[in-house]
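For reference, the structure discussed in these notes is given below.
Number of protein chains: 2
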Amino acid sequence: MPSYAARTAMPLAGADAPETAPLTQSLAEQIAARLSERIVAGAYAPGQRIMEQAIAAEFAVSRGPVREALRLLEKDGLVTILARRGAQVTNLSIAEVREIFDIRAMLNGLRDRLIAEDPGRMRYLPALEAEVAKLARLARDADRGDEYVETVSRLNRYLTHVASNRRLRTILDSLALQTLRYSQIGLSTPQRRRQSIQHWQKLVKAIRDGDGAEAERIARQRVQDSRDAAIAQLQRLATDNKARHAA
Amino acid sequence: MPSYAARTAMPLAGADAPETAPLTQSLAEQIAARLSERIVAGAYAPGQRIMEQAIAAEFAVSRGPVREALRLLEKDGLVTILARRGAQVTNLSIAEVREIFDIRAMLNGLRDRLIAEDPGRMRYLPALEAEVAKLARLARDADRGDEYVETVSRLNRYLTHVASNRRLRTILDSLALQTLRYSQIGLSTPQRRRQSIQHWQKLVKAIRDGDGAEAERIARQRVQDSRDAAIAQLQRLATDNKARHAA
DNA sequence: TGTTGTCAGATTGTCAACAATCTTCTTGAC
DNA sequence: GTCAAGAAGATTGTTGACAATCTGACAACA
């Protein structure tokens with residue numbers, strides 16, 4: 086979770102992070118959190134400019150905190166800041182989406198390998214297995230795709246939360262945020278979800294067995310699969326747009 | 086290279102990045118670059134507080150740009166900012182150093198695999214081979230350890246530069262900056278350098294052969310080796326300190 | 001002796017105004 | 001009709017001052 090996001094307790098069981106959670110958020114962090122929601126939700130179009138004065142007026146603050154909020158969002162790749170031209174919502178090319186998924190594949194592999202090799206992993210295995218069992222139930226029901234996606238997302242956040250120290254978590258959270266819009270494409274059909282559940286089951290088994298190499302291999306394959314699904318979808322969209330433009 | 090660092094031409098041959106290089110750096114970027122040098126060089130001790138007013142006075146600017154510069158440094162992990170308590174030079178625990186090297190191992194693996202699988206890789210192979218040949222010469226001379234370290238560092242920057250799109254480059258540059266102090270430990274003896282040169286030779290061969298999996302494996306192993314050397318050294322230092330403290 | 005309350009100084013968070021730069025629209029020439 | 005030059009407006013970069021909060025020391029109390 087980015088630092089400006091309000092900290093919420095992890096939904097799955099497990100020891101909470103003993104981190105220094107600030108009790109009060111600065112204005113900049115609050116504004117960053119609000120803008121982040123909008124960008125991820127698509128309320129601002131990719132490429133759209135975000136102007137300091139307008140945001141400052143909307144939230145009734147001066148430009149200082151807004152300026153800082155935009156810097157925070159840039160850190161997560163949600164906006165791009167150009168010198169003397171301000172911030173605009175990051176517009177990812179297909180190549181960039183691919184690159185982000187490639188990085189996520191490697192780092193999710195590392196994450197799950199570290200979990201599988203953690204001597205204390207039995208602490209959170211029950212929660213993991215319960216969640217995967219829930220996934221299996223959802224996968225059998227073609228109508229509950231949204232719930233499936235939500236559960237996978239929560240599972241992923243949980244793994245990132247328990248596995249990694251601060252730095253890996255920061256990077257993974259940031260990358261996940263940037264590709265949120267695309268990640269669910271790989272789970273959009275019942276068939277894909279049945280393939281996905283097999284990955285998760287094998288992953289939990291590898292973690293239980295302490296097989297780090299296998300956990301890494303599965304995690305990597307899983308992200309690469311969703312990468313391919315996302316890219317195929319984006320390419321379809323691009324050609325559609327081009328055709329519509331030509332017409 | 087972080088965005089606030091002055092952009093210098095890549096020392097090895099190759100097409101330069103067609104990036105939007107700002108012609109003038111903002112005050113914040115200039116200050117960030119200066120502070121970055123000091124931190125990496127060790128002029129500020131880890132854990133030391135950096136106060137906005139003092140820096141502002143030193144560079145004869147207001148606190149605004151200094152504040153922003155500290156945010157830039159935080160993005161690279163060089164300083165840690167706590168709410169209402171300001172910035173301090175990041176103090177990496179041994180566990181954190183290990184984690185950063187783990188992440189670098191994965192992403193260097195990705196980087197070199199992408200290079201090996203790039204159809205246009207022949208463009209920069211001659212430069213790579215020349216540089217590795219230079220390394221081989223330096224490795225035979227026990228007295229030229231510093232030159233060896235410098236060449237390895239340049240080679241690494243070059244690979245990061247040619248291989249990756251912006252996002253992978255950003256992450257790798259940032260992580261390399263944070264572990265600059267420790268990376269050279271793995272090359273500190275003639276024996277270690279002889280082992281290192283073998284890695285580099287195998288890597289270039291794998292790239293030439295287009296063997297992405299092999300390139301990834303070698304790169305990963307190389308970073309893991311320097312990780313182990315760095316951690317062993319840090320643990321020696323820690324126990325030494327403890328002994329001195331007890332005495 | 002150890003704990004708690006309070007105070008002054010130090011430091012960060014925020015604001016509003018000014019300066020520097022960029023964008024866009026208009027005007028004019030070819 | 002197309003392109004270039006210039007001016008007006010919009011936008012970001014920077015500044016100095018004020019407000020809110022934190023830190024450390026000292027005193028009062030159990």
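If you're matching them up, the sequences are chains Y and U in order. The working numbering numbers the first residue of the first sequence as 86 and each following residue consecutively. The working numbering numbers the first residue of the second sequence as 86 and each following residue consecutively. For glycine and all other residues, C-beta sits at the position ideal for the given N, C-alpha and C. Remember, predicted model here, so these are calculated numbers, not experimental data.
Rounded to whole angstroms, the separation of the alpha carbons of His284(U) and Ala145(U) is 48 Å. For Gln115(Y), same chain residues with a beta-carbon under 7 Å away, outside a window of 5 residues either side, do not exist. Beta-bridge analysis with DSSP links Ile179(Y) to no other residue. In the DSSP assignment, Thr255(U) falls within the alpha helix (DSSP H) that extends over 251 to 263. In this structure, DSSP gives Thr236(U) a helical state, which the three-state scheme calls helix. Taking C-beta atoms under 8 Å as the contact rule, Leu253(Y) and Glu184(U) qualify, at a distance of about 6 Å.
Under the three-state reduction of DSSP output, Ala227(Y) falls in the helix class. Here Thr274(Y) carries a coil assignment [DSSP, helix/strand/coil]. Between Thr236(U) and Leu220(U), the alpha-carbon positions lie close to 7 Å from each other. For Val125(Y), there is no enclosing beta strand (DSSP E); the residue is found in the alpha helix (DSSP H) stretching over 112 to 126. Spatial neighbours of Ile188(U) in its own chain (CB-CB distance under 7 Å, excluding positions within 5 residues in sequence) are listed in chain order as Leu260. At a cut-off of 8 Å between beta-carbon atoms, Met207(Y) makes no contact with chain U. Assignment of Arg170(U) by DSSP, reduced to helix, strand and coil, places it in the coil class. For Arg206(Y), there is no enclosing alpha helix (DSSP H), as DSSP gives it neither H nor E. Restricting attention to beta strand (DSSP E) runs no shorter than 3 residues, the segment 127 to 168 of chain Y encloses them at 164 to 167, ordered along the chain.
Taking C-beta atoms as the reference points, Pro131(Y) and Thr175(Y) count as a pair closer than 8 Å. With a contact defined as Cβ atoms closer than 8 Å, Glu301(Y) and Asp197(Y) qualify at about 6 Å.
The C-beta of Asn326(Y) has fewer than 16 other C-beta atoms within 10 Å across all chains shown, which makes the residue exposed.
Across the structure, Thr245(Y) and Leu223(U) are spaced so that their CA atoms are roughly 42 Å apart. Taking the Cβ atoms as the reference, Leu213(U) lies roughly 5 Å from Val289(U), within the contact range of under 8 Å.
Not a single CB atom of chain Y sits nearer than 8 Å to the CB of Arg222(U).
Along the segment 274 to 305 of chain Y, there is no position whose C-beta sits under 8 Å from a C-beta of chain U. For Gly194(Y), the three-state secondary structure derived from DSSP is helix.
The three-state reading of DSSP puts Gly295(Y) in coil, since its state is none of H, G, I, E or B. At a cut-off of 8 Å between beta carbons, Lys219(U) makes no contact with chain Y. Of the residues Ala248(U), Ile316(U), Glu216(U), the one whose Cα lies closest to the Cα of Leu177(U) is Ile316(U). Under the three-state reduction of DSSP output, Tyr243(Y) falls in the helix class. Under the three-state reduction of DSSP output, Tyr89(Y) falls in the coil class, being neither helix nor strand. In this structure, Ala227(Y) sits near Pro275(Y), with a CB-CB distance shorter than 8 Å.
Take Arg229(U), set aside five residues on each side of it, and the residues of its chain with a beta-carbon closer than 6 Å to its own are Leu223, in chain order.
With 16 or more other Cβ atoms inside 10 Å of its own Cβ, Ser268(U) counts as buried. Comparing alpha-carbon positions, the option among Ile270(Y), Leu157(Y), Ala248(Y), Ala154(Y) lying closest to Leu210(Y) turns out to be Ala248(Y). Using a CB distance cut-off of 8 Å, Gly194(U) counts as an interface residue toward chain Y. Note that the C-beta distance between Ile135(U) and Gln173(U) is below 8 Å. For Leu163(Y), there are no neighbours in chain U by C-beta distance under 7 Å, as the nearest C-beta there is about 13 Å away.
Selection Ala142(U), Gly295(U), Tyr243(U), Ile140(U) evaluated against Asp258(U) yields Tyr243(U) as nearest (Cα-Cα).
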